[in-house]
Amino acid sequence: MALKIRLSRGGSKKRPFYRIVVAEAAAPRDGRYVERVGHYNPMVPKEHENRLSVNGERVKFWMDKGAQPTDRVHKLLSLVDILKAPEIREQPKKSAIGKKRAEREAEASAVAEEAPAEEATQEASAVAEEAPAEEETQEPNPTE
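Residues 5 to 148 in the working numbering are what the sequence shown lists, from first letter to last.
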């Protein structure tokens with residue numbers, strides 16, 4: 005029996021209220037649960053005492069039994085210092101780029117970095133070659 009500590013939604017439309025419950029992983033979101041360990045009301049201001057209420061002893065008991073908190077519950081439990089804050093990634097694992105694409109992008113950036121350096125040396129040599137040619141054309145014509 006895999007247990008999860010998760011949110012169960014209550015309240016009316018556009019006025020959510022959540023219970024923090026310990027439930028089987030296969031149970032529906034708002035369905036049967038083993039025990040209610042707290043509640044969360046996002047409609048209340050952040051500094052209000054009734055926004056989040058958690059029975060820390062029961063949460064620790066269920067975590068010792070093997071219950072895993074969901075990401076959102078983990079974040080809420082870190083607010084009341086039951087758990088330490090979860091690691092939040094900038095980019096989810098699912099949408100991370102693959103190995104081949106990363107290699108192609110690395111090659112493209114390497115080529116892009118080399119190209120300006122090569123162009124600068126080519127331009128410098130072109131300017132050096134053009135300078136004597138311009139001097140030759142600036143000589144006075146004998147017919148003038």
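In this text, a Cβ means the ideal position worked out from N, Cα and C, and glycines have one as well.
query: Rounded separation between Gly15 and Glu53 - CA only; result: 19 Å
query: Contained beta strand (DSSP E) runs [length at least 3] in the stretch 12-91, N- to C-terminal order; result: 19-28, 39-44, 56-58
query: Integer-rounded CB distance, given that Arg13 should sit under 8 Å from Asp34; result: 6 Å
query: Closest Cα partner of Leu81 within the set Arg19, Ala29, Asp68, Gly42; result: Gly42
query: Rounded straight-line distance, which links the Cα of Arg108 to that of Thr74; result: 36 Å
query: Ala1 versus Phe65: straight-line alpha-carbon distance, rounded; result: The requested residue 1 is not part of the displayed model; the chain covers only 5 to 148.
query: Rounded Cβ spacing between Asn45 and Phe21 (contact assumed at less than 8 Å); result: 5 Å
query: Rounded straight-line distance, which links the Cα of Lys79 to that of Ala6; result: 20 Å
query: Environment of Ile24 [buried if 16+ CB atoms lie within 10 Å]; result: buried
query: Cβ neighbours of Ala89 in the same chain (closer than 6 Å, five flanking residues each side left out); result: Ser82
query: Burial state of Lys8 (16 or more Cβ within 10 Å); result: buried
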